[in-house]
Every structure is written in structure tokens, then in C-alpha cells.
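For reference, the structure is listed below as C-alpha cells.
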Amino acid sequence: MIQAMNALAPSGTGRLSRLLAASCFAVALSVTSAVPMAAQARSAPESFADLAEEVTGAVVNISASTTVEAKNRTLPQLPPGTPFEDLFEEFFNRRGQGNGDSPLRQRKSNSLGSGFVIDPSGIVVTNNHVIGDANDISVIFPDGTRLKAEIVGKDSKVDLAVLKVKSDKPLKAVKFGDSDSLRPGDWVMAIGNPFGLGGSVTAGIVSARGRNIDSGPYDNYIQTDAAINKGNSGGPLFNMNGEVVGINTAILSPTGGSVGIGFAVPASTAAPVIDQLRQFGETRRGWLGVRIQSVDDATAEALGLGAARGALIAGVDDKGPAKPAGLDVGDVIVRFDGKDVKDSRDLPRIVASTPVGKSVDVAVIRKGKEENKKVTLGRLEDGEKQANLQQPSTDTPTATKQALGLEMSGITDDLRRRYGLKDDQKGVVITRVDPNSAASDKRIQPGEVIVEVGQEPVSTPADVTKRVEAIKGQGRKSVLLLVANTQGEVRFVALSIE
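Written as C-alpha cells, this is what we have:
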């Protein structure tokens, strides 16, 4: 179970064990082009004491309190005249659960986490989930000094928050380092506030980079075996130069304690977000206006890509920047603003980290050939609604056929009512799926509509079988379908035709 790591103080309401929201834009991972013939491992440091002493003054504890009003509850119905009536009333009123005329009681929930100072003027970084919706935040320094903090900005997608405190003297601060230069096996050191115990130092190595823990669209975590626990959230992960290369955010643990698998937001991911939060009080991410999906081996073969790579466009927002730039459903984005898109996870991070309004080059594979497009990025807004995709206008004869383990029919008024299809939905409706077919394995369902076969629109079952036979005649092993669900949302599905 992946858990956020802020430990709750004794007066809290329980352990926090939610899946963190998060991660953010990151610079593409560097790739080492060659391996030295005689690579030699560096020896472990004799001690981390000097390094810890140098940076500990900048690591702080975060205390966040949230005050909520307890709801009144109606007293249990008691027989009139019961000798315990007054006792019950006093008991429930004392717990804030009395009748409607009883005063509301306030309940305070406290949580503890970690953070670090990045500017001597009093700028502090932590995780968003450490402060949550707190209305009283304090930053506690190693010498015991406690300062009230105000929120400069926070971002749930990356799980970061920036706080500001006022101090009568400059504060000890640390700087961000180059997280992209980290390699698995490099030494790192974590400092934080595990289980509310105060400043604790642990050390380990980088176990892996670019980890996706399904916490958000920008996952790109550093994995480390340095012991981090609940309460370490928001604390820094240092390299051996005393630079912050990560922000400890989550752990993988069946027990709630460290089992040697912790995750940190890379500095290259965090720094641009923090800069925007400091400057604007909010994030301003680039927006392309496409819906994408991964390219597996079968899809790559069907598209003639050679190998699985890139991000397949499954939808284009009518009001987004991609549409006027000429990007279309079925295009595979393989390069964006000079950065290779190795898989679909790369694209959101690259786009989000690109400045709003910048004109960028986008390389796509369209029907087996590479084309270049020019796109001027918009701004991604939270709560953006799913694009309404326009389907090709075609005729809808009612003949029924079977292919690919699917029974199909043209869309009739009866089928439209039966499956709840939209009035403007075009294509070939699926009426039955063979449970032993590849289509069933790909979770195609009756009521879904085949819009395209091999990136060409279809309007009748005969169109589908004709396209499948043509693709098979080209020596292809897979055929690519564009399938719409009953809400009109589309996805690509590659099916074997061997």
C-alpha cells in the first residue's frame, strides 16, 4: 500500500493512509550512451555526520491544525420519566452530540510533517498533503523556535506547498541540486520528522529513477532505500554535496513503517512548480489539448511504428491548441519541443513543464510517415472538461456481420435506444462479443461503436470486414480499431488478425 507519510500527533483523529495526489512536470531523463569498461564503485562515506551537521539547521517540522465544528446529533429516544434521562443528556452534550438547541463544539485535528527552508527570508517547502486544509500552520526549527506560517501557494498534482514565515534574522537555507544526474546506487541522505520524533537522519542509496506509482499524471519519482516513515513527508533528500535532490513524499509499506521503499519528488520536477507558486501563487502549466493512450506492441505493429513508442492521440479538444495546429486522432507523438517521447507517460510531463504561449515543434507519425507540426501551447486549467469529439458523418445501413470475434450492426433507432447512444453517434455498433476472443480480452463491450478501422472511418459492418481483409492482405498481424463508448469517448484498440 502506497501511503503519504505525515504522522499524526496524539490528538489527531487517526493515521493518514490516503493515496497521494500528485506529481508534476519533469525534465526528460538523461540516458547514458556508454558504460565504462572498468567501472569502479565509490567507497561508502565513513560518516554522514559532517553533512548532516551542515544542513540540519534548514530542515524544519511542520505542525498543521484544522479546526472543524462537530455536528449535533439527536439524543436517543428514552421512555418518559426514565431515571437516567438527565444522565444521558449530560453525557451527549459533553460530547457535542446533544439536541439542536445544544451549542456546537469545535474539534481540532493536528498533523505533523517535515519541510525545509530554501530562502533565508523565510520561504519553506513541504508537501501539500502535510498541510491539507489546515487553518493554523506552524514551522518548528531545530532550536525549538516556532513561527506561524502563511501559505504562499500549493499544488495537489505535484503534492507540493510553499509557506512563508517571518523571522527577525536570516534563516539557514539549502539549495536544490541536479536530480537528473542521479544514478541508481548513488548515496543519499534523508532528514525529517518521523512519527513526530523531531529531526532524524537516515541514509541509503538511490534504488531507481522515473518510478510511476499511479499517483497522478506527472509521476517521475526517485525511489530510495533510505529509511523514511510517516512524518518524513515534505522533508528533503540530499545528495553528498548537501543539495536537495528530492522531496520525500510517499512510501510503499504494508505496515505503515519503512520497508526500504520510499519515493521522493525529483528536484527537477519540484523546482519549476515552486518557482511558479512563489511568483503567481498557483501553477501555470502548458496545455496541448489532446487525450492520449499508450502504444503497446500490437498497436505499434498495426500503425507500422516498428517498435512501441510515443503517445497515441485518442482525442483532440475542439478548443485546444492541438486542433488548429493540425494534430489529429491516430497521430503518434514521438517528439515534443526537441525531447523524445518514449511512452505516453513522458508527454504530460514535458508539455506541463513547457511555458504557456511557447511555440513548439511536434513530430508525429501519421499513417507510417513522420510529419512535423507547430503548436502554440495554451494554459492547462484545473477542472478542464473532456473534449467533445466529432465523429465522421457516414451512412448507417442495418446489415449484420461478424468479424474479429464481434457481431456488428449498423446503428438503428432501436439499437440507439437499447444502448443509450447519442443521436449524433456514427459508426458500427457492436451487439455481441465472443468471450473467447481477443476483443473480449481487450474489454470491448456490446453497445460500443467502431468508428474507424485502420484509421479509416466505417459506417457498415461490411466496411469493417472489408478493411480487416485489406489490412490482413498487407501482411499486418494486427488491426487498429477506434472504438467509442456510449458517452462518445473514444479509444484505440489493437486486435490480432492472425
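If you're matching positions, the sequence shown starts at -10 in my numbering and goes up one per residue.
All C-beta atoms, glycine included, are put in the ideal place defined by N, C-alpha and C.
According to DSSP, residue i sits in a beta bridge with which residue or residues?
i: Asn237; result: Ala253
i: Leu369; result: Arg274
i: Lys161; result: Lys161 pairs with nothing; no bridge assigned.
i: Lys362; result: Val351
i: Thr115; result: Ala150
i: Ile302; result: Ile281
i: Ser54; result: Asn99 and Asp125
i: Asp329; result: Arg324
Whose C-beta lies closer than 7 Å to the C-beta of residue i among residues of the same chain, with five residues either side of it excluded?
i: Val422; result: Gly394, Leu395, Ala428, Ser429, Ile433, Gln434 and Pro435
i: Ser467; result: Ala287, Glu290, Ala291, Ala483, Leu484, Ser485 and Ile486
Would you mind sorting residue i into buried or exposed? The rule is 16 or more other CB atoms within 10 Å of its CB.
i: Lys146; result: buried
i: Thr56; result: exposed
i: Ser247; result: buried
i: Gly319; result: buried
i: Val472; result: buried
i: Val254; result: buried
i: Lys363; result: exposed
i: Val479; result: buried
i: Thr134; result: exposed
i: Glu441; result: buried
i: Leu40; result: buried
i: Lys155; result: exposed
i: Asp452; result: buried
i: Pro261; result: buried
i: Thr238; result: buried
Quick check on the DSSP output: the alpha helix (DSSP H) that includes residue i runs from which residue to which?
i: Pro337; result: Asp335 to Ala341
i: Leu40; result: Ala38 to Val44
i: Tyr408; result: Asp402 to Tyr408
i: Ser429; result: Ala427 to Asp430
Quick one: residues in its chain with C-beta nearer than 6 Å to the C-beta of residue i, no 5 flanking neighbours on either side, listed in chain order?
i: Gly174; result: Ile194
i: Ala300; result: Ile281, Ile322, Val330, Ser333 and Leu336
i: Gly409; result: Thr475
i: Glu437; result: Ile419, Val472 and Asn474
i: Glu43; result: Gly231
i: Gly251; result: Thr213, Ile217 and Ile240
i: Met229; result: Trp176
i: Gly293; result: Gly357
According to DSSP, simplified to helix, strand and coil, what is residue i?
i: Arg456; result: helix
i: Ser170; result: helix
i: Arg267; result: helix
i: Glu437; result: coil
i: Phe105; result: strand
i: Leu469; result: strand
i: Ile126; result: strand
i: Ile202; result: coil
i: Pro313; result: helix
i: Leu378; result: Any reading at Leu378 must be qualified, since the residue scores a pLDDT of 31, below 50, and its modelled position is unreliable; the value itself is stated next. Here Leu378 sits in coil by DSSP.
i: Pro450; result: helix
i: Pro131; result: coil
i: Phe262; result: Residue identity differs from the one stated: residue 262 is Val in this sequence, not Phe. Reduced to three states, the DSSP call for Val262 is helix.
i: Ala296; result: coil
i: Gly357; result: coil
i: Gly462; result: helix
i: Arg47; result: The sequence shown places Ala at residue 47, rather than the Arg named in the question. Note: Ala47 maps to helix in three-state DSSP.
Which same chain residues end up closer than 8 Å to residue i when comparing Cβ atoms and leaving out the 5 residues on each side of it in sequence?
i: Asp317; result: Ile302, Val305 and Arg355
i: Ala27; result: At Ala27 the pLDDT is 43, less than 50, meaning the model places this residue with poor confidence and gives no usable figure here.
i: Val49; result: Ser103, Gly104, Phe105, Val106, Val113, Val128, Ile129, Phe130 and Pro131
i: Asp412; result: Arg405
i: Val345; result: Arg273, Arg274, Gly275, Trp276, Leu366, Gly367 and Arg368
i: Asp326; result: Ile339, Thr343, Lys347, Val349, Asp350 and Val351
i: Glu359; result: Val323, Ala352 and Val353
Would you give the residue range spanned by the beta strand (DSSP E) that residue i belongs to?
i: Ile488; result: Given that the chain is displayed from residue -10 to residue 487, the structure contains no residue 488 and the question cannot be resolved.
i: Lys137; result: Arg135 to Asp144
i: Glu290; result: Element bounds for Glu290: not the beta strand (DSSP E) but the alpha helix (DSSP H), Asp286 to Leu292.
i: Lys153; result: Leu149 to Val154
i: Ile419; result: Val417 to Val422
i: Phe184; result: Taken as a continuous stretch (DSSP letters only), Phe184 belongs to no beta strand (DSSP E), as it is neither H nor E.
i: Ile486; result: Ile486 -> no beta strand (DSSP E), and no H or E assigned at all.
i: Pro225; result: Pro225 to Phe227
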